[in-house]
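*Asks:* In this note's numbering, the protein residues as written are 1036 to 1350.
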Amino acid sequence: MKGYIEDGAWLSCSFDLAGTPKQLKRHLDKEDNKVQYSNGKRLLTVADKNTSECFKCKLAAKKWGGLLSLVGGIVVGVALVFSGPVGWIALGALAVVAIGTTIAVFAHDCADPQSGGNWINFHQTTFIKGKEAILYNKSILECKDLGLLIASETEAQAQTVSDKMKWQARGELGLQILSNSLIGFVTGYGMFDRTPQGLDMDLSTGPLAVASYIHTDFVHPEYSWQQSTLVGLGYTSANFGLGSVHRINRMPDWSKNLGTEISLQDLGVAALTTGIGAGSDYLEGELANSSNSIVQELSASVSGISGKKIVSSNY
């Protein structure tokens, strides 16, 4: 049997980079008659989703850290083409990426109270002021940003749960930054194909790589690694398609720099960036599933949901 969740219960989040539990608080609507134990603590329901402080969420850190790494990698790749050794240009670009990523990780909090989330595994027959009661280590709050949160009675218990999940979240962030740095570097370097006539520029590759990233990581972060890979291949195909634009009658000469006609270098760049992206997305998905399974298994391990006795109901 698990007790009803009280005001101030400790929440652990599967998306939390810091691995620091936060306290669950009552929702924002004013209520005159509180449901309480004899010790005076208010009982919470499916309407209660706010935390005392915001978690350090991996989702925004991955979004912005990955984008900054991708752009920084493109800059470094282009710098190598024009300046030979990396030198101060590449180091400067890497410094910008490092600073920007640090800001994204440590300055971000959950954007809003968890008003968009939903509780599952709540009590089916106990209602408090017309709302279903929620239970320690049984009920799960599904965050609107896809994270899973579960409540423990003490901070120490919640810390144990958080400690089991924080390294998976950090691993996802590390993979995101590393993979996008590599994708950006290969993309930036591959935008310029050396020919006997000079450099053959492909000016759309970089912008399309950024557009593909925004599509999968900002607009649809719920995509599986297979879906993200298909989106990336779609943008790559669009880039190759643009290579024929300049052959259309009356198109200006500058259009030949949009897209690329297929060469061995272009195929190599496409294969390498697609492979890095798919591999990273797969590993990140495995880490995310590992964190979620900790919450789901904890919830499933509790068979009884009768809860503690309500001392004062005041419906």
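For each residue, glycine too, the CB sits at the ideal point set by N, CA and C.
Remember, it's a predicted structure, so these values are computed and weren't measured experimentally.
Tell me the DSSP secondary structure of Y1362 in three-state form.
*Replies:* Here the chain covers residues 1036 to 1350 and nothing more, so residue 1362 does not appear.
*Asks:* According to DSSP, simplified to helix, strand and coil, what is I1334?
*Replies:* For the record, residue 1334 in the displayed sequence is Ser; it is not Ile. Correct three-state label for S1334: helix.
*Asks:* Return helix, strand or coil for D1237, following the three-state DSSP convention.
*Replies:* Here D1237 sits in coil by DSSP.
*Asks:* Suppose you measure from the CA of L1210 to the CA of A1323; what does that come to, to the nearest Å?
*Replies:* Answer to the nearest angstrom: the Cα atoms are 12 Å apart.
*Asks:* Here's a check: name, in chain order, each residue in its chain whose Cβ is nearer than 8 Å to the Cβ of L1181, leaving out the five neighbours to either side.
*Replies:* So the qualifying residues of the chain are F1050, L1094, P1256 and E1257.
*Asks:* Of the residues G1107, F1117, V1113 and V1196, which one's Cα is nearest the Cα of A1212?
*Replies:* In the sequence as displayed, the identity of residue 1212 is Ile instead of Ala. It is G1107 whose Cα lies nearest to the Cα of I1212.
*Asks:* Under the rule that 16 or more other beta-carbon atoms within 10 Å means buried, what is A1114, buried or exposed?
*Replies:* The residue in question, A1114, is buried, as its Cβ has 16 or more Cβ neighbours within 10 Å.
*Asks:* Given that a residue counts as buried once 16 or more other Cβ atoms are within 10 Å of its Cβ, and exposed if not, what is G1303?
*Replies:* Exposed, because fewer than 16 other Cβ atoms sit within 10 Å of the Cβ of G1303.
*Asks:* Please state the DSSP three-state secondary structure of I1109.
*Replies:* DSSP places I1109 in helix when its eight states are reduced to three.
*Asks:* Would you give the residue range spanned by the beta strand (DSSP E) that L1265 belongs to?
*Replies:* Taken as a continuous stretch (DSSP letters only), L1265 belongs to no beta strand (DSSP E), being part of the alpha helix (DSSP H) at W1260 to L1277.
*Asks:* Got a sec, what are the start and stop residues for the alpha helix (DSSP H) I1218 sits in?
*Replies:* E1190 to G1225 is the span of the alpha helix (DSSP H), which, as asked, contains I1218.
*Asks:* Out of H1062, G1294, V1116 and S1325, which one is the CA nearest neighbour of D1198?
*Replies:* Nearest of H1062, G1294, V1116 and S1325 to D1198, Cα basis: S1325.
*Asks:* Considering only the beta carbon of each residue, do A1044 and E1188 sit closer than 8 Å?
*Replies:* For A1044 and E1188, yes; Cβs fall inside 8 Å.
*Asks:* Which of helix, strand or coil does DSSP assign to E1177?
*Replies:* Of the three classes helix, strand and coil, the one that applies to E1177 here is strand, per DSSP.
*Asks:* Give me the Cα-Cα distance between L1234 and V1266, rounded to the nearest whole angstrom.
*Replies:* C-alpha separation (whole angstroms): 29 Å.
*Asks:* Could you round the C-beta distance between I1218 and I1297 to whole angstroms and report it? I think they count as a contact, below 8 Å.
*Replies:* Wrong, their Cβ atoms sit about 19 Å apart, outside the cutoff.
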